[in-house]
Structures are given as structure tokens and as C-alpha cells.
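Working notes, structure below.
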Amino acid sequence: MPRLERHAQLLSIAQDLFAAHGFHHISMDDIAERADVSKPILYRHFPSKLDLYLAVVDERGQALVDAVSAALATLEDPDRVEGSADGHAVVHAVVRAYVDFAEGSGVAASLLFESDVTRDTAVRSRVEGPDRRNAEAFARVLGRLTDLTPSQALTVAWTATAMARVAATDALLKQQLDEPWECSPTSEETVDLVAQFAWRGIHGMLRRGGAAEDPSSA
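All residue numbers for the sequence shown refer to full-length UniProt numbering, where the first residue is 1 and numbers rise by one.
Okay, structure coming up:
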């Protein structure tokens, strides 16, 4: 098998195993056996289990960033938006992107939303990196489409991104349940409620002058 194909195969197998069983319960032997390769071949591609795990996390993280970027780009495309996009539309689009990502990725989304090794500084930085990048892009779009100051836009973006992450984790949990929760809202209802709560609550606070000037320090 060509090197690039083998690399992609190993990433895919590792993603499935890490997502299903967690970092600590999977060994390089398990991955090599599932891929039907020798351990020396596996180690040629990834020097350690942590390197392989980080590569998997980075791949899923980039997929999430791409999903949010596409959602934000749509809002700034006049040919694809009916009327003018506002702050609530931006928040809704980001929450929708997170939930869609979780539902589309299935258990693999747990690598970003429920990682079992976030006490490791390197892993935590990589797991949280996509949220930081998304919040910064989010804030830039809010700044262009609303009258928010840069610090206010970042306050909204950081808080709404955190809420989008919670909504995505909730969607992932629902997928894993054998029986749905009683009176559980649909994904669309969840997205609508979270977006309304985030935008109206945070924006209302900002208009009353209650926002912190440096949201990154919170």
C-alpha cells in the first residue's frame, strides 16, 4: 500500500479505536493488529501512541474548524443569504455547525468533546485549539456584521462557542443512548434555543454595559 494511503488508513483505524475505547485502553499493538501491519511499520508513521492520538485529534479538529468556517462564509455571501445576516444569525450558524459536526461524526466527535486525556497539556491544547480558532473567526464576522466593538464581539463569540460545544456534546450523548430521553428536544429545537439564549442574553448584557473588556482573561 502506498505510504499516504497507509498513513490515512492508520489514522482512520486509530480514530475508531480511540473514540470507542479511549486513549488509555488502546495500545499500539491493538492498532497494528487491526490494520494488519507490523509494529515497526506503525512506528514509521507515528513515533508514539501520543503522536498518533494527537494526529487523530488534529484531523477531527480541522474538520470542525472547516465546518464552522463554511457556516460563517455562507453568512457573508450575499448570493446565499436572504436579506442581511445579523448577530443572531451568526450565533445560530455556529451552534448549528457544532451540532451537525457532532451528529455527522458520531462517536469520533468524542475525541474533541469528551477526551479522556485532557490533563495532558499537549492534548488539552490540541483539543481546545479548534474552539479558540472558531471563536476568533466568529468574532471577526460579528464585528463586520454588527455594531459590536472588538472586545464585545469576542465576548459573544467565546461564550456562544462554549454553549455550542455543550449543545454538540448533548447531541453526541443522545446518539449514544439506547433509549431517547423523555420529552427530549430535536436537534433543530436545541440549536434554536441555544442560539436565542446566547445572543439575546449576551447581547442584552453588552448593551447594558456589563461586558468584561477582556473576555480572554475570564
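Don't be surprised by glycine CBs; every beta carbon is placed ideally from N, CA and C.
Three-state secondary structure (DSSP) of G83: Any reading at G83 is ruled out, since the residue's pLDDT is 49, under 50, leaving its predicted position unreliable.
Would you identify the three-state DSSP class for M1, choosing helix, strand or coil? coil
With a CB to CB cut of under 8 Å and the five nearest residues on each side skipped, what residues in its chain are close to R133? V65
Close beta carbons around V127, own chain, < 7 Å, minus the five adjacent residues each side: V57, L112, S115, T118
Quick check: what's the CA-CA separation for L148 versus A137? 15 Å
Thinking C-alpha only, which one of D30, A168, D120, A35 is nearest V107? A168
In the DSSP assignment, the alpha helix (DSSP H) including residue 239 goes from what residue to what residue? Only positions 1 to 218 of the chain appear in the structure, and residue 239 is not among them; the question remains open.
What distance in whole Å lies between the Cβ atoms of D86 and T146, which are believed to be in contact at a cut-off of 8 Å? 7 Å
Alpha carbon to alpha carbon, how far is H24 from S69? Give it in angstroms, no decimals. 32 Å
I need the boundaries of the alpha helix (DSSP H) containing D66, first residue and last residue. 49-75
Grab me the residues of V123's own chain with a C-beta within less than 6 Å of its C-beta, minus the 5 sequence neighbours each way, in chain order. V117
Considering just the uninterrupted stretch of the alpha helix (DSSP H) at I31, what are its terminal residues? 28-35
Roughly how many whole angstroms lie between the Cα atoms of D36 and A55? 20 Å
Nonlocal neighbours in the same chain, by C-beta distance under 7 Å from A20, ignoring five residues either side: V107
What whole-angstrom Cβ distance do Q175 and E103 have, given they're in contact under 8 Å? 7 Å
Own chain, CB closer than 7 Å to A71, minus 5 neighbours either side, in chain order: A93, V94, R96, A97
For F101 versus A89, is the C-beta spacing smaller than 8 Å? no
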